[in-house]
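With the numbering used here applied, the sequence shown corresponds to residues 1168 to 1460, in that order.
To keep things clear, I will list the structure first and then write my remarks on it.
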Amino acid sequence: MDIVPLGFAAELRGVTLAEIAADDAAYTATRAAFEEHSVLIFRGQQVTDAAQLAFARRFGPLEVTKVGSRGAGTNLVILSTIDENGKVVPADHRFALSNKANQLWHTDSTFKKVPALASVLSARVIPARGGETEYVSTRLAWERLDPALRRRLENSFAWHDYAHSRGKIAADLASAEERAALPPQCWRMAWKNPANGRNALYIASHAYAIEGMKEDAAQKLLAELIDAATAPGLTYLHTWRQGDVVMWDNRATLHRGRPWLPHEPRFMVRTTISATEADGLESVRPPSRQAAE
Ligand code: OGA
Ligand code: MN
1168 MDIVPLGFAA
1178 ELRGVTLAEI
1188 AADDAAYTAT
1198 RAAFEEHSVL
1208 IFRGQQVTDA
1218 AQLAFARRFG
1228 PLEVTKVGSR
1238 GAGTNLVILS
1248 TIDENGKVVP
1258 ADHRFALSNK
1268 ANQLWHTDST
1278 FKKVPALASV
1288 LSARVIPARG
1298 GETEYVSTRL
1308 AWERLDPALR
1318 RRLENSFAWH
1328 DYAHSRGKIA
1338 ADLASAEERA
1348 ALPPQCWRMA
1358 WKNPANGRNA
1368 LYIASHAYAI
1378 EGMKEDAAQK
1388 LLAELIDAAT
1398 APGLTYLHTW
1408 RQGDVVMWDN
1418 RATLHRGRPW
1428 LPHEPRFMVR
1438 TTISATEADG
1448 LESVRPPSRQ
1458 AAE
């Protein structure tokens, strides 16, 4: 296996998802690269749902897809503008609007009761142009922050709500069923990786408030932090090819989808791995909830 750095991210060459799923040494090397690089790229894979699921399962428990998403109740999330009949949906369709919400800088599942360690995304149908996925390291963003702000954020807790990020796209994009299933969640604004002791800024498009701060000031700070973290020149832009799989660390990155021509089809499949105590989950829980769970 060769690890080829691409900025903070890395491409893993000479290894398949199936080998990593089956082989302890390949898994251990991949896991170490994941802890170090935060975004791993695999090219030329023979991707099937089964292969993607087996690979993702190696890293921890899989998320069950939430109500209201395509793939609900399974371990797969379908991100696509192609409907059940193979037709591309119009730009105001819920599927298209959901993709648009993914074009806001975010990290996955901060709005869930159990946040995500990692996501694994494969490209099944790609548009001719656009539709890239862009990443930044919030570990590097953390290291660029003023030390006094870092000390403050280490003891700050942000509230995350799925309905908040969806509301930026369309007022009713989050359904009543989704709102009921996904009450807001509160997490420390820094996630320390227990494998290397390095902190990362933990924020997302879903964050709407900070404990103990006025709403306006909190939203201003959240926007400033995201802007600083995602400034031009700091990102890794992944241009998808058939057979590509990208895995990212939701504790230490932000990502967003990029637009493409709306009449062109795009079909992506995601598996998501839940964070466990071994991944530092306890340390992001607000103190009031640490003893209770
Ligand atoms: C995701 C996501 C963006 C994209 O899979 O979690 O945000 O480019 N995807 O589809
Ligand atoms: Mn996402």
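Every residue gets a Cβ at the ideal spot worked out from N, C-alpha and C, and that includes glycine.
Closest to residue i by C-alpha separation, out of the options, would be which residue?
i: Ala1396; options: Glu1203, Arg1180, His1273; result: His1273
i: Phe1175; options: Glu1391, Arg1225, Thr1402; result: Thr1402
i: Ile1440; options: Asn1266, Ser1276, Ala1263; result: Ser1276
i: Asp1259; options: Ala1338, Leu1307, Ala1239; result: Ala1338
i: Val1292; options: Glu1449, Met1435, Ile1370; result: Met1435
i: Ala1398; options: Tyr1302, Leu1448, Met1380, Ala1347; result: Tyr1302
i: Asp1280; options: Cys1353, Arg1224, Ala1367, Gly1364; result: In the sequence on display, residue 1280 carries Lys and not Asp. Closest by alpha carbon: Cys1353.
i: Ser1265; options: Arg1423, Ala1442, Ser1450, Ser1455; result: Arg1423
i: Pro1350; options: Glu1251, Thr1300, Phe1278, Ala1374; result: Phe1278
i: Pro1228; options: Arg1261, Glu1186, Phe1262, Pro1282; result: Pro1282
i: Ala1390; options: Gly1240, Ser1372, Gly1235; result: Ser1372
i: Ala1221; options: Gly1253, Glu1186, His1204, Ser1205; result: Glu1186
i: Arg1355; options: Val1214, Ser1236, Ser1455; result: Ser1455
i: Ala1200; options: Leu1312, Pro1314, Tyr1369, Ala1362; result: Ala1362
i: Asp1313; options: Leu1392, Ala1341, Ala1374; result: Leu1392
i: Leu1340; options: Gln1213, Gly1235, Leu1184; result: Gly1235
i: Asp1191; options: Leu1173, Phe1226, Gly1240, Ile1170; result: Phe1226
i: Leu1307; options: Arg1418, Gly1447, Ile1170, Ala1376; result: Arg1418
i: Arg1346; options: Glu1382, Gly1364, Ala1367, His1327; result: His1327
i: Arg1408; options: Asp1383, Gln1212, Ala1177; result: Gln1212
i: Gly1364; options: Ile1208, Thr1300, Gly1447, Asn1252; result: Gly1447
i: Ala1376; options: Asp1394, Ser1323, Ala1348, Ser1450; result: Ser1323
i: Asn1360; options: Arg1425, Ala1385, Gln1386, Thr1420; result: Thr1420
i: Leu1184; options: Glu1203, Ile1208, Ser1342; result: Ile1208
Any heavy atom of ligand 2 closer than 7 Å to the Cβ of residue i?
i: Asn1242; result: no
i: Asp1250; result: no
i: His1405; result: no
i: Asn1269; result: yes
i: Asp1383; result: no
So if DSSP puts residue i in a beta bridge, which residue, or which two residues, is it bridged to?
i: Pro1172; result: Ala1177
i: Ser1286; result: Trp1415, Thr1439
i: Tyr1403; result: Tyr1302
i: Arg1423; result: Glu1301
i: Phe1209; result: Val1412
i: Lys1359; result: Asn1366
i: Phe1324; result: Arg1355
i: Phe1434; result: Ser1247, Val1292
i: Leu1229; result: Ile1440
i: Ile1377; result: Ala1325
i: His1273; result: His1422
i: Val1255; result: Ile1249
Who are the Cβ neighbours of residue i in its own chain at under 7 Å, not counting the five residues just before and after it?
i: Ala1295; result: Glu1431
i: Thr1438; result: Gln1219, Leu1220, Ala1223, Leu1229, Asn1242, Leu1243, Val1287
i: Trp1415; result: Ser1205, Val1206, Ala1285, Ser1286, Tyr1302, His1422
i: Ile1336; result: Leu1264, Lys1267, Ala1268
i: Leu1271; result: Ser1332, Lys1335, Ser1372, Arg1423
i: Asp1216; result: Leu1243, Val1436
i: Trp1309; result: Arg1317, Ala1357, Asn1366, Ala1367, Leu1368
i: Leu1404; result: Glu1299, Glu1301
i: Ile1170; result: Ala1177, Leu1179, Ala1200
i: Ala1348; result: Lys1233, Val1234
Among residues of its own chain, excluding the 5 on either side of residue i, which ones have a beta-carbon nearer than 8 Å to its beta-carbon?
i: Met1168; result: Leu1179, Arg1180, Gly1181, Val1182, Ala1193, Ala1196, Thr1197
i: Val1255; result: Thr1248, Ile1249, Pro1429, His1430, Glu1431, Pro1432
i: Glu1460; result: Low confidence applies to Glu1460: its pLDDT is 49, below 50, so where it sits in the model is not reliable, and the reading given next is rough at best. Same-chain partners within the cutoff: Arg1452.
What I want to know is whether the C-beta of residue i ends up closer than 7 Å to one or more non-hydrogen atoms of ligand 1.
i: Gly1424; result: yes
i: Thr1232; result: no
i: Thr1420; result: no
i: Met1168; result: no
i: Met1414; result: no
i: Ser1372; result: no
i: Thr1402; result: no
i: Thr1300; result: yes
i: Ser1286; result: yes
i: Arg1437; result: yes
i: Asp1275; result: yes
i: Leu1246; result: yes
Excluding the 5 residues flanking residue i on each side, which residues of the same chain have their C-beta closer than 6 Å to its C-beta?
i: Gly1238; result: Thr1232, Val1244, Ile1245
i: Asp1411; result: Arg1210, Ala1290
i: Glu1444; result: none
i: Leu1320; result: Met1356, Ala1357
i: Arg1311; result: none
i: Phe1262; result: Thr1248, Val1256
i: Ser1342; result: Gly1235
What I want to know is whether the C-beta of residue i ends up closer than 7 Å to one or more non-hydrogen atoms of ligand 4.
i: Leu1392; result: In the structure shown, ligand 4 is absent; the only ligands present are ligand 1 and ligand 2.
Of all the CB atoms in chain C, is at least one closer than 8 Å to the CB of residue i?
i: Arg1198; result: Of the protein chains in the structure, only one exists, and it is not chain C.
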